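Everything in the sequence shown is counted per numbering that gives the first Met the number 0, starting at 0 for the first residue and increasing by one.
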Amino acid sequence: MKAKTRQAIFRVHAWVGLNLGLLLFVICFSGTVAVFSKELSWLVDPALRTDPPDSDNIPLSWQGLHDRVVAAHPHAAILLLQRPAGDRSVVRAAISYGPGDLRWVLIDPQDGRIAGTRSNFSLTSFLRIFHKQLYIVPVNLGFHGTLVVGALALALLAGAISGLLSISRWWRAFLTLRKGRSPRLFWSDLHRLTGVWPLLVTVILAVTGLWYFAENILQSTGVLVEDALPARLEAEAMRSQGPQLPALDLDRLAQAARDAYPALDIAVLQLPRRPGDPVIFTGQAEAWLVRDRTNRVEVDPHDGSVRRLQRAEDIPLDDRLIATADPLHFGDFAGMVSKSLWFAAGLMLSGGILAGLYGVWLRQRNRDRLSALPLSRLVLAILPTLTLLAFSLYGAWAYGGGAMRTSQQERLAVPLGQFVSGPWAFSAYLYKSPGTVGLGLVFPAGARPNVRAAEIALTDQNSTLHPLPARRLADRLWATLPGEATHCDTDCRLLVTLEDWDGTSYEAALPLLLTTANAEILPGAEPVPIGEKIVMAMFVLLLSAVLAGWLRLLRYA
């Protein structure tokens, strides 16, 4: 390659590094730490750990785990159960107490002990969301941070390729590290060495990052529907089931899934969200380099028949490539071995970016440019990085912290009584938490009402109907009451309308009792463990130290 061409390519490499290097460091370093985010949480949170399994003890079955969660959280809807990858970790159950609420119940698989309840904000979610989208979420900031991080994957790929092509006899960089000659040469060699060793992983990360960018756009425009909707029963089949669906027997359904797909190692059991939905079992099987949900068995909860079976090796090539992106990007396809390789490559990549930036500073200093830069030029030099990190801090506080604060709030369950609406009996509660009041219908334990549609309305003293948005989830029905409902007198009523599959509607009028005399206290999720807070604080402090150090170097470039 001609020297002029190599110089032109180097200018591209230098431009990417100087203008976007700090942002790339933030993203690469956060991804590096996120590789072992689950293991870090396991180390610092005792509730996630269990004793080694006893050979005389048989771990609880899926039904046994489900029953333990129901007993501990009778007012919550259970969304899924997730078994751990190792035998020293707890089982996790995702539950919800209403719209906007998601928390995790930790269950010891040996004795069924409830080890704790965590919010959806944790060390693992913090690191992964920060890396994936810099905590820029549509609900708070109007756009998805994956578009920013995914676009920067192109800069990472351009920097890696241009850096390689700009080096004459690049293979020498694997073993070249000149010490004692000059600091500039040392840091330049270190930058090259830490660039060529993880080059393959860098390209993989950049390409999969670009795919996430494209995936977000394709999904938002409706071009790509990644996961097919569950195979729901048709209306005629639901009508034949009658008003009450059979109680779930998760062990029988899990056995049906294993019989249909013997190679499937079930990791997640997803419960039906609506009448007609199947119970979904996902996990790993024969195929390598696919995420868990690629292999799935959807089982009819009524008769145990298999509605849909999907094997990773049977899906089209384009879907298979999509399913491979996550294991390649996260590096978890071969357990601790691949994770360790990805972690080492991430550290070298992150350190190499800083080494390159410091080498540039040394080169500028050697050119006798020691006069201090004006403050305006200093701010402009890293304005994109500071702007995005400001968005990240706000998103982490508003989105992550908001979810944590919501799930940690205690709620009061005010019983309104037991009611009958046509063929269905239920208990009604008002759920009060700071700032919100909601209505919840709880059906008897084990009951699965075959309700086609549900509506809830508030009637005021003038008998005016005010429809309320109702949300159904599993065997629960919720509605959030408007603020004026708290000022209603004894003439206010809540009107619940349930419709069966024949189109017949049944109504039940509920009193609006706002007194808390007989209220039951529903505890919120436990605070984030102190160990996880310390790790998060160390991560933020380290990033802040790097930014402060670069600001100081720029000031005297």
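Here a beta-carbon is modelled for each residue, glycine too, at the ideal position from N, C-alpha and C.
Predicted model, so just to flag it, every value in this text is computed and none were measured.
For this session: Can you grab the Cα-Cα spacing for the pair Leu-372 / Val-90, in whole Å?
Result: Caution is warranted here: a pLDDT of 49 is assigned to Leu-372, below 50, making its placement in the model unreliable, and no coordinate value can be reported.
For this session: Would you check if the segment 51-61 and the segment 15-25 touch, i.e. whether three or more CB-CB distances between them fall below 8 Å?
Result: no
Exercise. Any chance the segment 531-540 sits against the segment 33-51, with 3 or more Cβ pairs inside 8 Å?
Worked result: yes
Exercise. By DSSP, does Asp-264 sit in helix, in strand, or in coil?
Worked result: strand
Problem set entry | Continuous beta strand (DSSP E) stretch holding Gly-144: start and end | Taken as a continuous stretch (DSSP letters only), Gly-144 belongs to no beta strand (DSSP E), as it is neither H nor E.
Problem set entry | Under 9 Å between C-beta atoms of Tyr-393 and Val-413 | no
Exercise. Relative to the C-alpha of Arg-307, which residue among Gln-417, Asp-276 and Ser-60 is closest?
Worked result: Asp-276
For this session: Kindly identify the DSSP beta-bridge partner or partners of Gly-282.
Result: Ile-265 and Asn-294
Exercise. According to DSSP, what are the bridge partners of Thr-563?
Worked result: Residue coverage of the chain in this structure runs from 0 to 556, which leaves residue 563 outside it and unanswerable.
For this session: Please state whether DSSP places His-328 in a helix, a strand or coil.
Result: helix
For this session: Specify the secondary structure class of Pro-383 as computed by DSSP and reduced to three states.
Result: helix
Exercise. With a Cβ-Cβ cutoff of 9 Å, do Ala-354 and Leu-189 count as a contact?
Worked result: yes
Exercise. Between His-210 and the rest of its own chain, which residues show a CB-CB distance below 7 Å, the 5 nearest in sequence each way excluded?
Worked result: The sequence shown places Trp at residue 210, not His. Correct list, in chain order: Ala-324.
For this session: Check each candidate in Arg-183, Ile-135, Val-15 and Ala-33 and name the one with the smallest Cα separation from Lys-361.
Result: It is worth fixing the name first, because residue 361 is Leu in this sequence and not Lys. Residue Arg-183 is the option with its Cα nearest to Leu-361.
Exercise. For Gln-218, which three-state DSSP category applies?
Worked result: helix
Exercise. So, using beta-carbon positions, are Ile-279 and Arg-82 closer together than 9 Å?
Worked result: no
Exercise. Between which two residues does the alpha helix (DSSP H) carrying Arg-127 extend?
Worked result: 122-132
Problem set entry | Top-ranked residue by Cα proximity to Ala-75, from Ala-13, Val-289, Arg-5 and Ala-93 | Ala-93
For this session: Whole angstroms is fine: what's the gap from Ser-2's alpha carbon to Gly-16's?
Result: The sequence as given places Ala at residue 2; Ser does not occur at that position. Straight-line Cα distance between these residues: approximately 21 Å.
Exercise. Residues bridged to Arg-306 by DSSP?
Worked result: BP columns for Arg-306 are empty, so no partner.
Exercise. If you draw a straight line from the alpha carbon of Val-104 to that of Ser-40, how long is it in whole angstroms?
Worked result: 15 Å
Exercise. So what's Leu-552 in DSSP terms, helix, strand or just coil?
Worked result: helix
Exercise. For Trp-423, which residues does DSSP report across the bridge?
Worked result: Ser-420
Exercise. Smallest Cα separation from Ile-455: which of Leu-472, Ala-444 and Thr-496?
Worked result: Thr-496
Exercise. Given 8 Å as the limit, is there contact between the segment 57-70 and the segment 160-172, that is, 3 or more CB pairs closer than that?
Worked result: no
Exercise. Between the C-alpha atoms of Gln-132 and Val-298, what's the straight-line distance to the nearest angstrom?
Worked result: 35 Å
For this session: Report buried or exposed for Pro-522, applying the criterion of at least 16 other Cβ atoms within 10 angstroms of its Cβ.
Result: exposed
Exercise. Can you name, in chain order, every residue of its own chain whose Cβ lies under 6 Å from the Cβ of Phe-28, other than the five neighbours on each side?
Worked result: Ser-349
For this session: Could you say which of Ala-13, Asp-50 and Arg-127 lies nearest to Lys-37 if we only look at CA atoms?
Result: Arg-127
Problem set entry | Cβ-based neighbour list, Asn-119, same chain, cut-off 8 Å, excluding 5 preceding and 5 following | Leu-101, Arg-102, Trp-103, Ala-402, Met-403 and Ser-406
Problem set entry | Bridge partners - Ser-118, DSSP secondary structure assignment | Arg-102
Problem set entry | DSSP state of Ser-161 mapped onto helix, strand, coil | helix
For this session: Can you check DSSP and say which residues form a bridge with Tyr-505?
Result: Leu-497
Exercise. Which class does Ile-314 belong to by DSSP, given the choice of helix, strand or coil?
Worked result: coil
Exercise. Hey, how far is the Cα of Thr-193 from the Cα of Phe-173?
Worked result: 8 Å
For this session: Please confirm whether Tyr-134 and Phe-390 have their CB atoms less than 9 Å apart.
Result: yes
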